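Just so you know, the sequence shown maps onto residues 3 to 267 in my numbering.
By construction, the Cβ of each residue, glycine as well, lies at the ideal position given by its N, Cα and C atoms.
Note that the structure is a prediction, hence the values are computed from the model and not measured.
Okay, so here's the structure we're looking at.
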Amino acid sequence: MTRVIVHAGFHKTGTSSLQDYLGKHYHALLPWFTFYGTGDALHRSAVASRIFAKKPFPWRRRAVRRALRADLAALPDAEVIVLSREHYSGVMPGLRDWLGRVIPNFHRAAKPLAKLMISELRHRFGQDVEITFFYTTRKRGDWLASVHGHLLRVIELTDDFDSFATRFRPDMGPENEAGIMRRALAPIPVVTAALEDWGTSHCGPAGALLTLIGVPEDVQAALPPANIANAGHDPRTRDALLSLNREDLSKPALRERKDLLLKGH
């Protein structure tokens, strides 16, 4: 029987660190599982999921199903498989949908995407496939600050942090979103790991997943220590990005100014 663990997010909860670490140590961990993260193997389904989150039309849902079926069909059989793409929970809240509305949470897209994943995993590996959904989480305040900093860099966000935070319900954050997914996917197990608990461990956030799979502690200890991937910007840089976004600049000029700022010029 095949066991599949789907690490479906959430954005800005240590996902890049986890994916980078497991990708670097792919061969050393092959005796315990096969890992698929940020690469070509899951590209079609990740892109289709991201589009669906912004344009949740029935035909976009069907496109996700086709992409999942194609991606999963291309994976070799293995006893334990880990799929790690945060786009399986949609896109980062704070981005805008096709009508220009701020996307307020993960679960609006994450629930239908997870159910499509379950259906397609059963199609690929059989009805008795053992599926677990795994979500990394983060305290709401730190998570919102990280999302705000990221969006200041990648889009023309002009809200300061306090204004940005008011766009979200007080109970909206990765921990509560994981609880919503747990209830929505039952009886499929949903396991969470908080970045605050695992971020500074020997294997970083990946340690939570290695422990879930059952990789022996001595094997984990023998791996190199984790580095932080995709670290957020300091407050001074965030303030400078906000100021640039508020200037009347063309998109190319704004992109150039941001690139110079982030390169330290």
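Problem - Run of the beta strand (DSSP E) containing residue 179, from where it starts to where it stops - result: Not the beta strand (DSSP E): residue 179 falls in the alpha helix (DSSP H), residues 176 to 187.
Exercise for the section: Counting only the same chain and skipping the five closest in sequence on each side, list residues whose C-beta sits under 6 Å from that of residue 200. Expected result: 207, 209, 210
Exercise for the section: Give the single residue among 259, 93, 241 whose Cα lies nearest to the Cα of residue 49. Expected result: 93
Practice task
Could you tell me whether the segment 128 to 145 touches the segment 70 to 80, using the rule of 3 or more Cβ pairs below 8 Å?
Solution key: Taking a cut-off of 8 Å for Cβ pairs, the segment 128 to 145 and the segment 70 to 80 do not touch, as fewer than three such pairs fall below it.
Problem - residue 196 - DSSP class collapsed to helix/strand/coil - result: strand
Exercise for the section: Could you pull out every residue in the same chain whose Cβ sits closer than 8 Å to the Cβ of residue 100, ignoring the five residues on either side in sequence? Expected result: 56, 57
Exercise for the section: Count the other CB atoms, across all protein chains shown, that sit within 10 Å of the CB of residue 87; report buried if there are 16 or more and exposed otherwise. Expected result: buried
Practice task
Could you check the C-alpha separation between residue 83 and residue 18 for me, to the nearest Å?
Solution key: 18 Å
Problem - Contact belief for residue 89 with residue 52 at Cβ below 8 Å, rounded distance in angstroms - result: 5 Å
Handout entry: Residue closest to residue 195, alpha-carbon to alpha-carbon, out of 137, 115, 68
Key = 137
Exercise for the section: Output the distance between the C-alpha atoms of residue 185 and residue 252, rounded to the nearest integer angstrom. Expected result: 45 Å
Problem - CB contact check: residue 187 to chain B, cutoff 9 Å - result: As a matter of chain content, chain B is missing from the structure shown, which is built from one protein chain.
Practice task
Note down the Cα distance separating residue 54 from residue 237, rounded to an integer number of angstroms.
Solution key: If you take the alpha carbons of residue 54 and residue 237, they lie about 33 Å apart.
Exercise for the section: Please look up how many angstroms separate the CB atoms of residue 149 and residue 96, rounded, as I've assumed it's under 8 Å. Expected result: About 5 Å separates the two Cβ atoms, so the contact holds.
Practice task
Name the two residues that bound the continuous alpha helix (DSSP H) containing residue 90.
Solution key: Neither: residue 90 is in no alpha helix (DSSP H) and is coded neither H nor E.
Handout entry: Reduced DSSP secondary structure (H/G/I, E/B, other) of residue 68
Key = helix
Practice task
Inspect the beta-carbon positions of residue 161 and residue 169 and report whether they are closer than 9 Å.
Solution key: By the CB criterion at 9 Å, residue 161 and residue 169 fall inside the cutoff.
Problem - N-terminal and C-terminal residue of the beta strand (DSSP E) that residue 132 is part of - result: In the DSSP assignment, residue 132 falls within the unbroken beta strand (DSSP E) covering 132 to 139.
Practice task
Please indicate yes or no: does the CB of residue 80 lie closer than 8 Å to some heavy atom of the ligand COA?
Solution key: Questions concerning the ligand COA fall outside what the structure shown contains, since it holds no ligand whatsoever.
Handout entry: residue 112 beta carbon less than 9 Å from that of residue 179
Key = yes
Practice task
Please work out which residues of its chain come closer than 7 Å, Cβ to Cβ, to residue 30, disregarding the five sequence neighbours upstream and downstream, and give them in chain order.
Solution key: Excluding sequence neighbours, residue 30 sits near 225.
Handout entry: Closest by C-alpha distance to residue 80, when choosing among 33, 45, 68
Key = 33
Practice task
Please name the residue in 135, 177, 173 whose C-alpha comes closest to that of residue 189.
Solution key: 135
Exercise for the section: Return the residue from the list 173, 249, 239, 177 that minimises the CA-CA distance to residue 14. Expected result: 177
Handout entry: CA nearest to the CA of residue 198, picked from 10, 12, 214, 16
Key = 16
Practice task
Can you have a look at residue 22 and say buried or exposed, based on whether 16 or more other CB atoms are within 10 angstroms of its CB?
Solution key: buried
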